[in-house]
Amino acid sequence: MQSYLLRRLWQSALTLVGVSLLVFVILRVIPGDPAKMLLPEGAPPSAIEELNRELGLREPIWVQYGIFVRSVVRGDFGQSFQYRAPALRVVVERVPATIQLALTAMVLTVLVGVSIGVLAAVRRGTGYDYAGTVLAVLGQSLPNFWLGIMLVLLFGVTLRWLPTSGFQGWQYLVLPSITLAAFPTALVARLTRSSLLEILSQEYIRTGRAKGLAEPAVILRHALRNATIPLLTLLGLQIGTLLGGAVITESVFAWPGMGKLVVDAIFFRDFPVVQTVLILSATIFVAINLVIDVLYTVLDPRIRYG
Amino acid sequence: MNRREFLVGSGVVLGASAVRPTVAGAQAQPPRGHIIAGLSERMLTLDPANHYSISATSVLRHVYDPLLDVTNDDKFVPALAESWRPVNNTTWRFTLRKGVTFHDGTPFNADSVVFTLKRVRDGKLVKSFVYQDIEDVQKDGDYAVTVTTKRPFGSLPAHLTMLGMLPPIAAGSEDAFFQKPVGTGPFRFVSWTHGDHVELAANPKYWKPGIPKVEKVTVRFITELSTRAAALRAGEIHVIDRVSPDMVQTLKGTPGVKVLDTPAVEAQRWHFQLARDNVKDPRVRKAISLAIDRNVIIKDLLLGYARPVVNPVPPGLIGHTNLGQKPYDPEKAKQLLKQAGQSNLAIDFVLMKDLYPKQLEIAQAVAAMLGEVGIKVNIRNLEIATAREQRTAGNYDLFFSGWAHMPHDPDWYFGQWFTKAGAEKMTRFNDPKVEQLIAEGRVPDPKVRQQKYEEIERILWEDEPEIWPYYTVAIYAVSDKLRNFEARRDYYVLLSEVGIA
């Protein structure tokens, strides 16, 4: 286990270096000029040139990368071009809103998705099953943008039960997290249903029932636990995606999260902010995957890494 | 109550009664209420010299005062400068208002002006390039400043409407200063949650009597129009900017919501790449202009929320004169194309993606109109940074763009787009006669400026280096609880003189 962990950590470090190099090079290869985006349309070429020099973008690319790596090691991700403030500070400010939304959406996904999936599997072929399927199809096919706006118009504008947008308290979390959770909830529900159905037909389930175990114990302790493994893989990927920000949901709800930040930063060619967000989210992604792989061994003692 | 408390208490009462009469007479109401605005564009900085963002200008105008303000009918009026005059073509003298203090209590005086102007000239800030013509800034006593310039700078007062005055204490510790800035404005800065909102509180010692009207202003940044409109319709916010013509009916149908609009200081101007063989010939440009039915764009696509163009410069600004609308005459367009020997013309029409309302529909309509006269239009809807690179590289025939005259003065527009140096990497415009007139029009004398600009405009109107399809209209929607809100033609949302029921 220990050597496995060491190997995985080493691989993770390599992945991150690769990501940073890729992001760094791609940003500088795509067309677009940061100084031109910062200055108004009516700025003279000399001002654009001078600002680009000031931003350090007139150095050869490998020199820029060298400077970048040296600073990152010291915890300095450079100055945001747009905000003229440390990129790390700009990004970290968005972390609380991003995490709140991602976690709420995740909790919602697990609670609702697993419940629907279990109910649909256990009551296979009944109204519950069909209703679950309909919900799952809707969740996966309704565009986020449309769903978000409809929720805002219904609960915000017409009924006035909930605020339409912004980030100031728990009520503000309700609509965006429902919008964001719709798609992964549907995925989770479908996956739970199918893997639970497969397991329910296994012989050890029949054995469990034969020895007189109560149905809830059969489903929750024996069947669901085994159905959790593929679910965990899916959730690991989903939480990584959610933490990276949710551009559309953030736009609809004016939510100050990371997704909108990075998309704006890409449009405005704010290289330091893009680099910081992508490296941070790659780190989170890699870390979560590692944790999930370790969790497998906890859930299923037969899985061993050597 | 013990004796000490009593004395303190009576002191307050005496102090208050002693102060009251000096505050703008009896009719001045103390500030009351809280206005929440929803702006379309995020603010990136609190530094008034380091942005050209319209939302930042709006927000920061509440915190900092400039030397001059510009009214909605384009008049330049005193703010921190009580008066100003040109001493000669390259010297301006500003007389400053006395008795004004920054929010931290330090007095506003000539040192602030000298500091602010030298800082923007010498710094590497977004606005620096505009102030490069400043030679020197000298104080003349505590309340007068003389600005000398390297060449005539007639639009200096206009630019100064957009530059908030800073206290000299900001020097050397700018990062810390702009975390919690102080200005002389009607509101104090309270806090800024990046990407979300800014909080401002009334400045009780503001120099203008009876201003501000409300105790608190919150500005939220809501980039999505449908979200902004929903927040207004739900009663969460009181004013939104940048309403699109499509949204007007929905908002007008909402109880408690009013829609206000005004012709903006912005003219749409789609520029030609004048070095490209396709559109080099003025007859071709004229043909393209004749083939575009501007009224269809204004009526059918913009639902009437635009105005016909009668001059490259919108009405109200210095130099404007009515040159009459451009005709729509596809037959004549065909003749001109024939004369120019362009039978199979295809042009690239480049758009900056999602920048202007309805731009893609408008471009498609134009493509259909030009198709009628036998010109094939290749619409290239490119991401903004890419489009601007393509423009620098000269890879376009026609470029969809607008120009908002933010200082309410056309000098910037002319200097940028119709001088060799300015247009070199943009439109490749080069006309020594126009260049000469632009230089002559930079003097402070408004009569001379008017005359030179009219001359420039006649040349441009004839030569058509750009298509001017329409003047933009600025649309706002407000809660009917707001009192005295003015729909600004420069897109600002200014709340100092606005009250709330």
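Chains as they are written, first to last, in my numbering: chain A, 1 to 306; chain B, 1001 to 1501. All C-beta atoms in this analysis are idealised placements derived from N, C-alpha and C, irrespective of residue type, glycine included.
- Where B:GLY1038 is concerned, there is no enclosing alpha helix (DSSP H), although the beta strand (DSSP E) around it starts and stops at 1034-1039.
- The three-state secondary structure of B:ALA1264, taken from DSSP, is strand.
- Taking B:LYS1334 as the centre and dropping the five residues before and after it, the same chain places the C-beta of VAL1373 closer than 6 Å to its C-beta, in chain order.
- In this structure, B:THR1161 places its C-beta atom within 8 Å of the C-beta atom of B:LEU1068.
- The residue among A:PHE285, A:THR283, A:LEU234 with its C-alpha nearest the C-alpha of A:VAL110 is A:LEU234.
- Across the structure, B:LEU1382 and B:LEU1351 are spaced so that their CA atoms are roughly 6 Å apart.
- Within the region 1397-1429 of chain B, those residues whose Cβ lies closer than 9 Å to any Cβ of chain A are, in chain order, SER1401, TRP1403, MET1406, TRP1412, TYR1413, GLY1415, GLN1416, TRP1417, ALA1421, GLY1422, GLU1424, LYS1425, MET1426.
- One Cα belongs to A:ALA43, the other to B:PRO1066, and the distance between them is close to 22 Å.
- A direct Cα-Cα distance of roughly 44 Å separates A:PRO31 from B:THR1146.
- The criterion of a C-beta distance shorter than 8 Å is not satisfied by B:VAL1126 and B:SER1479.
- Apart from sequence neighbours up to five positions away, the residues of its chain that approach B:SER1083 with a beta-carbon distance below 8 Å are PHE1094, THR1095, ordered along the chain.
- When the alpha-carbon of B:PHE1418 is set against those of B:GLY1164, B:TYR1356, B:PRO1432, B:LYS1358, the nearest one is in B:PRO1432.
- Between the region 268-286 of chain A and the region 1389-1407 of chain B there are fewer than three inter-stretch CB-CB distances shorter than 8 Å, so the stretches are not counted as touching.
- A check of alpha carbon separations from A:THR241 across A:TRP10, A:LEU5, A:LEU280 identifies A:LEU280 as the nearest.
- Three or more Cβ pairs drawn from the region 1253-1267 of chain B and the region 1479-1489 of chain B lie within less than 8 Å of each other, which places the two stretches in contact.
- For A:TYR4, the uninterrupted alpha helix (DSSP H) run begins and ends at 2-29, by DSSP.
- Contacts between A:SER251 and chain B, judged by CB atoms closer than 9 Å, involve THR1223, GLU1224, THR1227 in chain order.
- A residue is called buried when at least 16 other Cβ atoms come within 10 angstroms of its Cβ; B:GLN1268 meets this threshold and is buried.
- For B:ILE1347, the three-state secondary structure derived from DSSP is strand.
- Between the alpha carbons of B:ILE1347 and A:PHE68 lies a distance of about 43 Å.
- The three-state secondary structure of B:GLN1138, taken from DSSP, is strand.
- Per DSSP, reduced to three states, the secondary structure at B:THR1091 is strand.
- At least one beta carbon of chain B lies nearer than 8 Å to the beta carbon of A:ALA43.
- Pairing A:ILE178 with A:LEU243 gives a Cβ-Cβ distance that is not under 8 Å.
- Straight through space, the alpha carbons of B:LEU1355 and A:ALA13 are spaced by roughly 40 Å.
- Only those residues of the region 147-176 of chain A whose C-beta falls short of 7 Å from the nearest C-beta of chain B are listed: ILE149, VAL152, LEU153, GLY156, VAL157, ARG160, PRO163, THR164, SER165, GLY166, PHE167.
- In the three-state reduction of the DSSP assignment, B:HIS1194 falls in the coil class, being assigned neither a helical nor a strand state.
- Annotation: the continuous beta strand (DSSP E) that includes B:ASN1381 extends over 1376-1382.
- A:TYR83 sits close to B:LEU1044, with the two beta carbons spaced by under 8 Å.
- Scanning its chain for C-beta atoms nearer than 6 Å, with the 5 sequence neighbours on each side dropped, one finds around B:ASN1322 the residues VAL1310, in chain order.
- The three-state reading of DSSP puts B:ALA1487 in coil, since its state is none of H, G, I, E or B.
- Identification of residues in the region 1257-1286 of chain B having a C-beta nearer than 8 Å to some C-beta of chain A yields an empty set.
- In the DSSP assignment, the residues bridged to B:LYS1258 are B:VAL1478.
- Residues of chain A whose Cβ lies closer than 7 Å to the Cβ of B:GLU1236 are, in chain order, PRO163, THR164.
- Fully contained in the region 123-165 of chain A are the following alpha helix (DSSP H) runs of length 4 or more, in chain order: 127-141, 144-151.
- Counting only Cβ-Cβ distances below 7 Å, B:ASP1196 has contacts in chain A at GLY166, PHE167, PRO256, in chain order.
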